[in-house]
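In this note's numbering, the protein residues as written are 2 to 340.
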Amino acid sequence: MYLVIGIVLAFILSFWKDNRSLWNPVLFLLSLISSYIYLSYLFYKNGYENVQLAFYGVAFVLIPLLLFLSGIFLIYNGVILLKREGRSKANYLSMLLGIVILVFFALISFRLGDQNELFYTNHFLNILFVFIFYSYFIFGFAFAGFMLYSILYLFIPKKKHYDFIIIHGAGLLGGERVTPLLKRRIDKAVEAYHKSKNPHIKIIASGGQGADEKISEAQAIANYLLTETDVPQDAIILEDQSRTTYENLLYSKEIGEKLVAKPQFLFVTNDYHVFRTSTYARKLKMKGDGLGCRTAGYYIPSAFIREYVALCVKLKWLFMFLYGLLFLALLLSYKGILW
Numbered sequence: 002m003y004l005v006i007g008i009v010l011a012f013i014l015s016f017w018k019d020n021r022s023l024w025n026p027v028l029f030l031l032s033l034i035s036s037y038i039y040l041s042y043l044f045y046k047n048g049y050e051n052v053q054l055a056f057y058g059v060a061f062v063l064i065p066l067l068l069f070l071s072g073i074f075l076i077y078n079g080v081i082l083l084k085r086e087g088r089s090k091a092n093y094l095s096m097l098l099g100i101v102i103l104v105f106f107a108l109i110s111f112r113l114g115d116q117n118e119l120f121y122t123n124h125f126l127n128i129l130f131v132f133i134f135y136s137y138f139i140f141g142f143a144f145a146g147f148m149l150y151s152i153l154y155l156f157i158p159k160k161k162h163y164d165f166i167i168i169h170g171a172g173l174l175g176g177e178r179v180t181p182l183l184k185r186r187i188d189k190a191v192e193a194y195h196k197s198k199n200p201h202i203k204i205i206a207s208g209g210q211g212a213d214e215k216i217s218e219a220q221a222i223a224n225y226l227l228t229e230t231d232v233p234q235d236a237i238i239l240e241d242q243s244r245t246t247y248e249n250l251l252y253s254k255e256i257g258e259k260l261v262a263k264p265q266f267l268f269v270t271n272d273y274h275v276f277r278t279s280t281y282a283r284k285l286k287m288k289g290d291g292l293g294c295r296t297a298g299y300y301i302p303s304a305f306i307r308e309y310v311a312l313c314v315k316l317k318w319l320f321m322f323l324y325g326l327l328f329l330a331l332l333l334s335y336k337g338i339l340w
């Protein structure tokens, strides 16, 4: 019980200190798992064995089944995405993850099947299986934590006072017109602008000019704001030098700090992109929150996987440390057997 309370309190404290911390997804998932296990134990302790069996059924039957079905769904989603968005490398991600999930079930079936003796006689094969299973575990755990906390983060109540609303740019149609994806970001920002109680709030249109674009993304956003909305020109600020999400925030922060002391920012991007963007804001010591806009359903899985991959790259040293622990454990386990 004390361990569960400790984990939950650690999450609450981390969340209260900064809801953008990368520790939050880990602690949130650990809180859910430990609370689930303890709740199951409480039912058993109080004589509700059937309820505990239902808990086991969810954990060992329903969740694996849903995971297997998600693999099939991701492959199907990948096919749809390729048909609608074209054959770019990023659009293969959901299909690839679906295949990876199904391969995991195939490996487990092979390990538990009639070939089980191979793993006792061939130590290198067993080490390979441990390495693969460990990889599935740490990356699967990280993905589950990232996904669940990203969803939670979207529902965190937003502050009512902001000095600046940042609209993150995206690719342009014909090199000069906003795409449907970017339009949704702008419309969400305008909605937040009208709800704001700060009469001096400004919108920062952020995004530089790509090699295949006729104007900067910031200018395209400003053009849309001026022609399609009632946002006045003096409420719009252009930031047209950035090339990445990180630079969107960095340059917008520099602009904001020149105009307002200790400014509060609200950055608007797509819902799948909000939490990772917030981690960049935290790194920049930027005060504010993220606001997500709706994304086409078929596009979300691939886009979210891209976010996850980007986060893993950002945390590469942590994963290298985890693999170092595995290597050390294998060295100790096979001492006297393989060396």
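Virtual Cβ for every residue (Gly too), placed ideally from N, Cα, C. Values in this document were obtained by computation on a predicted structure and should not be read as measured data.
Proximity of residue i and residue j at Cβ, strictly below 9 Å
i	j	result
L83	M96	yes
A212	L239	no
Y335	H124	yes
I187	I222	yes
L111	Y137	The sequence shown places Phe at residue 111, rather than the Leu named in the question. Against a cut-off of 9 Å, the Cβ pair of Y137 and F111 comes out as no contact.
D290	L260	no
W40	I8	Per the sequence shown, residue 40 should be read as Leu rather than Trp. No.
G209	R178	no
L155	A171	no
I204	L226	yes
S197	K254	no
F132	L332	no
A143	L316	yes
V269	C294	yes
I81	Y299	yes
Selected residue, minimal CA-CA separation from residue i, among the options
i	options	result
K263	K286, N224, L75, A236	K286
T180	L43, L327, N224, Q242	N224
A297	A282, E308, Y273	Y273
D19	Y300, L70, S279	S279
G99	G87, T246, S71, L23	S71
A311	F140, P233, L10, N47	F140
F235	Q242, A206, F266	Residue 235 is actually Asp in this sequence, not Phe. Of the listed residues, the one whose Cα sits closest to D235 is A206.
P158	G209, F305, L292	L292
W24	R283, S303, I6	R283
A145	L68, S303, Q265	L68
G87	S217, L43, S303	S303
G176	Y49, K184, E258, I216	I216
N199	Q265, A330, R85, Y57	Q265
G58	G48, K46, I38, Y77	I38
According to DSSP, residues forming a beta bridge with residue i
i	result
C294	N271
E240	S207
I38	None, per the DSSP bridge assignment.
G289	F266
V179	L173
I168	A206, V269
Where residue i falls, given that 16 or more other Cβ within 10 Å makes a residue buried
i	result
D231	exposed
I73	exposed
S89	exposed
T228	exposed
F12	buried
E308	buried
N51	exposed
P26	buried
K189	buried
G79	buried
I6	exposed
F322	exposed
L75	buried
I64	exposed
R21	buried
V62	exposed
F147	buried
R85	exposed
F134	exposed
Integer Cβ distance of residue i from residue j, believed to fall under 8 Å
i	j	result
Y150	F276	7 Å
S35	L4	7 Å
I167	N271	Going by Cβ atoms, the distance from I167 to N271 rounds to 14 Å, so no, they are not a contact pair.
L94	I301	Incorrect: roughly 12 Å between the Cβ atoms, too far for contact.
L129	F29	Contact flag wrong, Cβ pair sits at about 32 Å.
Y281	Y252	Not quite, the Cβ-Cβ distance comes to about 12 Å (not below 8 Å), so this is no contact.
beta-carbon residue i near the ligand GTP non-hydrogen atom, thresh 8 Å
i	result
A282	Because no ligand of any kind appears in the structure shown, any question about the ligand GTP cannot be addressed here.
Cβ of residue i within 9 Å of any chain D Cβ
i	result
G208	The question asks about chain D, but that chain is absent: this structure has only one protein chain.
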